[in-house]
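Using UniProt numbering, you'd call the opening residue of the sequence shown number 1 and step up by one each time. All C-beta atoms in this analysis are idealised placements derived from N, C-alpha and C, irrespective of residue type, glycine included.
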Amino acid sequence: MFEAKDLDCVFLETNLSLKKRYHMVYECIPLPKEVGDMAPIYFKKAIMESDEEWSMNKKLIDLSSKDIRKSVPKGLPYFSVDFGLQGGFAHVIEDQHSFPHYFGKVLSCRRSIYQLYSVFLTSVKSDTARTVTLMYLILVH
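See the structure below:
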């Protein structure tokens, strides 16, 4: 579907356990090929700059040789990004309350698209409608 439109896909996974209630979000975000080629560099830099300076866990976990289940200790909240066949990166979230829920989405959108999308965040209640709106904005721009 995305290949026909000359798009790459980035897969974002956020796993949180707020008050012992586990919540995981897995999203597929289409990107133009030229942005998709540069995505690993941007995500690596953003993950390295995120969270606390003195964290107990490794800031950047490389997922090119093993999957997320073998890389992040069980029960810890994490954010991961996957670039399809290239592998990806993961990051253990030290402070769940200060970690932005929109972390990967801001990096993957062009500024104009994100500004348009942020207008819809407040007006559209359904997650499915938000996803469709974001896909439409990316395909149109």
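Rounded to whole angstroms, the Cβ separation of Glu13 and Ser80 is 5 Å, and the two are in contact under 8 Å. Where Ala46 is concerned, the enclosing alpha helix (DSSP H) starts and stops at Lys33 to Glu49. The C-beta separation of Pro40 from Phe2 comes to about 17 Å, leaving the pair out of contact by the 8 Å criterion. For Phe43 against Cys28, the beta-carbon gap comes to about 15 Å, at or over 8 Å, which does not count as contact. Taking a 10 Å sphere around the C-beta of Pro77, we find 16 or more other C-beta atoms and assign the residue as buried.
Rounded to the nearest whole angstrom, the CA to CA distance from Asn15 to Gly87 is 18 Å.
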